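Heads up: the structure comes next, in structure tokens.
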Amino acid sequence: MSQSMQRTRWSATTRDPTQAAEQLLGLPDLRRADVDTGAEEFTFDVRRRGTDLLSLWSSASTGDVRGEVVADTAMVLFWLKSGSGSVDDDHDVPTGRPSLFRHDPQHVRWTGYELDLIRIDRRTVEEVAAERGAWRPGPLEFQPHHIPEGPELAAFWLMVRAVAAEVLRGPTVVPESRERELTRFAAGGLLTAIPHWPIGEHGPPPTAAAARFARAEGFLLEHATEPISVEDVAEAAGLSIRGLQEAFRRHHGVTPTTYLRRIRLLLAREQLESGEAASVGDVARAVGFGHLGRFASSYRAEFGELPRETWSASRRGR
Numbered sequence: 309m310s311q312s313m314q315r316t317r318w319s320a321t322t323r324d325p326t327q328a329a330e331q332l333l334g335l336p337d338l339r340r341a342d343v344d345t346g347a348e349e350f351t352f353d354v355r356r357r358g359t360d361l362l363s364l365w366s367s368a369s370t371g372d373v374r375g376e377v378v379a380d381t382a383m384v385l386f387w388l389k390s391g392s393g394s395v396d397d398d399h400d401v402p403t404g405r406p407s408l409f410r411h412d413p414q415h416v417r418w419t420g421y422e423l424d425l426i427r428i429d430r431r432t433v434e435e436v437a438a439e440r441g442a443w444r445p446g447p448l449e450f451q452p453h454h455i456p457e458g459p460e461l462a463a464f465w466l467m468v469r470a471v472a473a474e475v476l477r478g479p480t481v482v483p484e485s486r487e488r489e490l491t492r493f494a495a496g497g498l499l500t501a502i503p504h505w506p507i508g509e510h511g512p513p514p515t516a517a518a519a520r521f522a523r524a525e526g527f528l529l530e531h532a533t534e535p536i537s538v539e540d541v542a543e544a545a546g547l548s549i550r551g552l553q554e555a556f557r558r559h560h561g562v563t564p565t566t567y568l569r570r571i572r573l574l575l576a577r578e579q580l581e582s583g584e585a586a587s588v589g590d591v592a593r594a595v596g597f598g599h600l601g602r603f604a605s606s607y608r609a610e611f612g613e614l615p616r617e618t619w620s621a622s623r624r625g626r
């Protein structure tokens, strides 16, 4: 009989800064938390759902939060939805972009903020990285303060959307095998977004078959807005077309064509939401769509509205 895991749900709301600090210390990676009320009437809330392998957290406060983070058992990425924040005292964090906590202690500050974060089991990330890079599993080093942009960022949001759909709206009790599979999927999204390498010598250079998918994914993202084909991606990675299809289904659950289309759609949405695009057609062509009708129908299927609606709303907002 297969074992199961329980996705626990936890939340807390308070108007007391002392209680807020205590609730923040419920986050496994936070070693210290100091909370000031700020100028406005103070509010604070925090929510969590998931398992020790994979969990999503959200927090919001009108106050000022300072703390020390030590992410030792998990890889932790957070992104500000509003407000301001910094890490290491002098690196400001841009809104809407994920930032990765290092393994060693980091000082953080969030002010008048809303933020989300994802925790992914560290050992799983190391195992997936080893498979993608064709080295033996071991500790990883990540490019400090790297902020993904463009197709890398779109790939990260694709992962977050898929994980959130299952973790937040899925069943409470899930087979352990499924939770581990979803954790591996999340690890792949993290590794795509943040440059990384093994610490020390863990194995041969990435030339084995296991590394070919990483080359395929890298080529696809690098040329995402260009008129590339499945054959181009397979050739760049040294894979057959069938091997490429199987690799993308194994790692992303979709074909490379579907994956590329969804990356382009997210790139288009970011441009349309900026309010700076001259027209919907310009955006579609810039991200690699040659047929405007198919672009519009794919966009509506993905986001529930037509691209012109997104574009018009953003221009009104400006």
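In the numbering used here, the protein residues as written are 309 to 626.
Even glycine gets a Cβ: it sits at the ideal position worked out from N, Cα and C.
Please read these numbers as outputs of a predicted model, since none were measured by experiment.
Check                                                                                                                                                                      : Outcome
Could you name the residues that DSSP lists as bridge partners for Glu422?                                                                                                 : Ala368, Ser390
I think Gly589 touches Leu600, with their Cβ atoms under 8 Å apart; what is that distance to the nearest whole Å?                                                          : 6 Å
When you compare only the Cα positions, how much space is there between Pro445 and Thr381?                                                                                 : 15 Å
Using CA coordinates, which residue listed in Glu539, His559, Glu484, Ser485 is at the minimum distance from Ala519?                                                       : His559
Which residues bound the beta strand (DSSP E) around Asp344?                                                                                                               : 338-344
Along the alpha helix (DSSP H) that carries Val482, what are the first and last residues, could you check?                                                                 : Note, Val482: premise wrong, no alpha helix (DSSP H); beta strand (DSSP E) at 481-483.
Going by other Cβ atoms of all chains shown within 10 Å of its Cβ, with 16 needed for buried, is Ile502 buried or exposed?                                                 : buried
Just curious, the beta strand (DSSP E) that Ala544 is in, first and last residue?                                                                                          : Not the beta strand (DSSP E): Ala544 falls in the alpha helix (DSSP H), residues 538-545.
Can you name, in chain order, every residue of its own chain whose Cβ lies under 8 Å from the Cβ of Asp400, other than the five neighbours on each side?                   : Ser392, Gly393, Ser394
Using CA coordinates, which residue listed in Thr432, Val377, Leu425 is at the minimum distance from Arg410?                                                               : Val377
Would you kindly check if the distance between the Cβ of Ala545 and the Cβ of Ala524 is under 8 Å?                                                                         : yes
Please classify Leu498 as buried or exposed, where buried requires at least 16 neighbouring CB atoms within 10 angstroms.                                                  : buried
Tell me whether the beta-carbon of Glu422 lies closer than 8 Å to the beta-carbon of Ala368.                                                                               : yes
Report the partner residues of Arg317 according to the DSSP bridge assignment.                                                                                             : Arg357
Name the one or two DSSP bridge partners that Ala382 has.                                                                                                                  : Asp429
Relative to the alpha-carbon of Glu617, which residue among Glu581, Arg550, Val562 has its alpha-carbon at the smallest distance?                                          : Glu581
Going by CA-CA distance only, name the one from Ser363, Asp337, Arg572, Ala586 that's closest to Ala604.                                                                   : Arg572
Can you give the beta carbon distance from Val436 to Gly496, rounded, assuming they're within the 8 Å contact cut?                                                         : 6 Å
Look up Leu408 in the DSSP assignment and say whether it is helix, strand or coil.                                                                                         : strand
By Cβ distance below 6 Å, which residues in the same chain neighbour Thr322 in space, the five residues on each side in sequence not counted?                              : Ala328, Phe352
When you compare each of Ser390, Gly346, Arg624, Ala472 to Ile426 by their alpha carbons, which one comes out closest?                                                     : Ala472
Would you call the region 323-343 and the region 354-374 in contact, with 3 or more CB pairs under 8 Å?                                                                    : yes
Excluding the 5 residues preceding and the 5 following Leu568 in the sequence, name in chain order all residues of the same chain whose CB lies nearer than 7 Å to its CB. : Leu528, Ala532
For Leu362, name the three-state secondary structure that DSSP assigns.                                                                                                    : strand
Can you tell me the Cβ-Cβ gap for Leu361 and Glu487, rounded? I've got them flagged as a contact below 8 Å.                                                                : 6 Å
Following the continuous beta strand (DSSP E) through Pro413, name the residue where it begins and the one where it ends.                                                  : No beta strand (DSSP E) holds Pro413; DSSP gives it neither H nor E.
Nearest-angstrom Cα distance between His510 and Trp443?                                                                                                                    : Any answer about His510 is weak, because its pLDDT of 47 lies below 50 and its placement is not dependable; what the coordinates show is given next. Near 6 Å, if we compare the C-alpha coordinates of Trp443 and His510.
So Ile536 and Ala542 are supposed to be a Cβ contact under 8 Å. How far apart are they, rounded?                                                                           : The Cβ separation is near 11 Å, so there is no contact.
Counting only the same chain and skipping the five closest in sequence on each side, list residues whose C-beta sits under 7 Å from that of Arg258.                        : This structure does not reach residue 258, given that the chain is present from 309 up to 626, and the question cannot be answered.
Exposed or buried, Leu547, counting other C-beta atoms within 10 Å across all chains shown (16 or more means buried)?                                                      : buried
Figure out for me which residue from Ser622, Thr491, Leu388 has the closest Cα to the Cα of Asp429.                                                                        : Thr491
Is the separation between the beta-carbon of Arg356 and that of Trp318 shorter than 8 Å?                                                                                   : yes
Which residues does DSSP list as the beta-bridge partners of Leu448?                                                                                                       : Pro506
Return the Cβ separation of Glu449 and Ile507 in integer angstroms, given the expectation that the two are a contact with Cβ distance under 8 Å.                           : 5 Å
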